Amino acid sequence: MAEFLCTLCGRCCMGMGRYVKITGQMGSGKYAARHEISKETFYATVDRKHRNSFDPFDRSTPVEWCPFLIDADEEGNYYCAVHDSIPGFCRNFKCCSYRIFDRDKNSVGRVKGSFNLISDDNDLKSIWESEIKSLSCNDEEEQKEQMISVLSKKGYFVEEYD
Numbered sequence: 065m066a067e068f069l070c071t072l073c074g075r076c077c078m079g080m081g082r083y084v085k086i087t088g089q090m091g092s093g094k095y096a097a098r099h100e101i102s103k104e105t106f107y108a109t110v111d112r113k114h115r116n117s118f119d120p121f122d123r124s125t126p127v128e129w130c131p132f133l134i135d136a137d138e139e140g141n142y143y144c145a146v147h148d149s150i151p152g153f154c155r156n157f158k159c160c161s162y163r164i165f166d167r168d169k170n171s172v173g174r175v176k177g178s179f180n181l182i183s184d185d186n187d188l189k190s191i192w193e194s195e196i197k198s199l200s201c202n203d204e205e206e207q208k209e210q211m212i213s214v215l216s217k218k219g220y221f222v223e224e225y226d
């Protein structure tokens, strides 16, 4: 199994505004906050590289976003302003169980939840619909092995995360 690496797409944080609430300010760049899903209270400190430019109360980002999510940079990457002090829920979160790569090693799909594919690759979506969704397997391990087999034969590489 591969180690999960965040791609900085920001999707996991774009719906967290209703769950992550700043409950107080404890000084410049220091906040008390609560994660409502995990019921964690945490103390967030804005990372040094963002201290001069980040203010969670003066932002133009959507209210649905986590209050600590910074809008995309020039490369389209999203960053957490308090990454070094995020709660356990965020630190342990993996947005997918598998990533699927094409022959050129480009990430073209993610599998999450109950074997749900998220992809913009029409060829991959077609293979998923016609050959993978219909697999009849006895358990998750067999389903995983058959998925990897089908996709490998079509030129894809599957990376699994625990």
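Start counting the sequence shown at 65; every next residue gets the next number (my numbering).
Every residue gets a Cβ at the ideal spot worked out from N, C-alpha and C, and that includes glycine.
Quick caveat: nothing in here was measured; it's all calculated off a predicted structure.
- In the assembly as shown, Val175 is a buried residue. Its beta-carbon has 16 or more other beta-carbons within 10 Å.
- A contact between stretches requires three or more CB pairs, one per stretch, nearer than 8 Å, and the segment 125-134 meets this requirement with the segment 73-88.
- Here DSSP, grouped into helix, strand and coil, assigns Leu133 to strand.
- Taking all protein chains shown into account, Ala66 has fewer than 16 neighbouring C-beta atoms within 10 Å of its C-beta and is therefore exposed.
- The Cβ-Cβ distance between Gly173 and Ile164 falls below 9 Å.
- Proximity to Trp129 across Tyr83, Arg115 and Ser161 peaks at Tyr83, based on C-alpha coordinates.
- Inclusion of Tyr143 and Leu72 in the CB contact set at 9 Å is warranted, their separation being smaller than that value.
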